[in-house]
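I have placed the structure first, in the form of structure tokens, so that the comments after it can refer back to it.
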Amino acid sequence: MEFLRLLLVFLHLLGMALLIGTFMLQAKAGPQAPVNKGWLHGTGLQLLTGLILMGLDPLNDEVSYNPIKIGIKLLVLVVIGALAIAFLRKPAAPRWLNPTLGALVVVNVGLAVFWS
Ligand code: HEM
């Protein structure tokens, strides 16, 4: 069970790296570029791994997650996914979109690390 939790945390951290990498690619592509699909892949990976980690929590004696913190992280992730989907079919993403999505990812990293 502990190995499964560690594997999910491992994938969850790779998902975070994917979102930050997508932010950099989107910034490099410039203002005329469409929304990078990495936003959707990273959001999906974070959602899946985060929900399974939460689901495993009652089975594990050692860890107990803060439900308010996880709820806020989930809300932030839903906003990231919804914004990415809303502009997916547009030929060019609006200028404010990439910094907003990047800032929301950083908010979730901060919540994960500083709120115990
Ligand atoms: C942009 C979205 C997200 C980012 C960047 C993110 C980032 C992180 C990071 C960096 C950690 C490790 C914290 C540490 O070990 O001190 C973590 C842990 C965790 N995250 Fe997320 N997260 C995101 C979304 C979510 C969502 C949506 C959920 C739940 C539905 C979730 C559930 C969890 C759980 C349960 C842990 C604890 C894992 C453990 O140590 O056993 N995360 N997250």
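Each residue of the sequence shown is one higher than the one before, starting from -18 at the first, in the numbering used here.
Ideal Cβ positions, reconstructed from N, Cα and C, are used throughout, including at glycine.
For clarity, every value in this text was computed on a predicted model and none was experimentally measured.
Option in the options with minimal Cα separation from residue i
i, options, result
"THR24", "SER97, LEU0 and TRP77", "LEU0"
"VAL55", "ASN89, LEU(-12), ALA73 and PRO80", "In the sequence as presented, Val is not what sits at residue 55; that position holds Leu. The candidate whose alpha carbon is nearest that of LEU55 is ASN89."
"ALA93", "MET(-18), GLU(-17) and LEU(-6)", "LEU(-6)"
"LEU21", "LEU29, ILE66, TRP96 and PHE95", "ILE66"
Same chain only: Cβ atoms within 8 Å of residue i, ignoring 5 sequence neighbours per side
i, result
"SER45", "ASP38"
"ILE53", "LEU92"
"LEU(-15)", "LEU37"
"ALA73", "PRO12, GLN13, ALA14 and PRO15"
"MET(-18)", "LEU37, LEU40 and ASN41"
"LEU34", "ARG(-14), LEU(-11), VAL(-10), HIS(-7) and TYR46"
Closer than 7 Å: residue i CB and nearest the ligand HEM heavy atom
i, result
"ARG76", "no"
"ASN79", "no"
"ILE51", "yes"
"ALA93", "yes"
"LYS54", "yes"
"MET(-3)", "yes"
"ILE61", "yes"
"LEU28", "yes"
"VAL86", "yes"
"HIS22", "no"
Check: residue i C-beta below 7 Å from any heavy atom of the ligand SAH
i, result
"ASN47", "You won't find the ligand SAH in this model; what it holds is the ligand HEM."
Integer-rounded CB distance, given that residue j should sit under 8 Å from residue i
i, j, result
"LEU82", "PHE4", "7 Å"
"GLY2", "GLY19", "7 Å"
Same chain only: Cβ atoms within 6 Å of residue i, ignoring 5 sequence neighbours per side
i, result
"LEU7", "Note that residue 7 corresponds to Gln in the displayed sequence, not to Leu. Answer for GLN7: ASN17 and ASN79, listed in chain order."
7 Å Cβ shell around residue i - same chain, five flanking residues per side excluded
i, result
"VAL57", "LEU85, VAL88 and ASN89"
"LEU26", "LEU(-8), GLY(-4) and LEU(-1)"
Minimum length 3: unbroken beta strand (DSSP E) runs contained in the segment 31 to 60:
none
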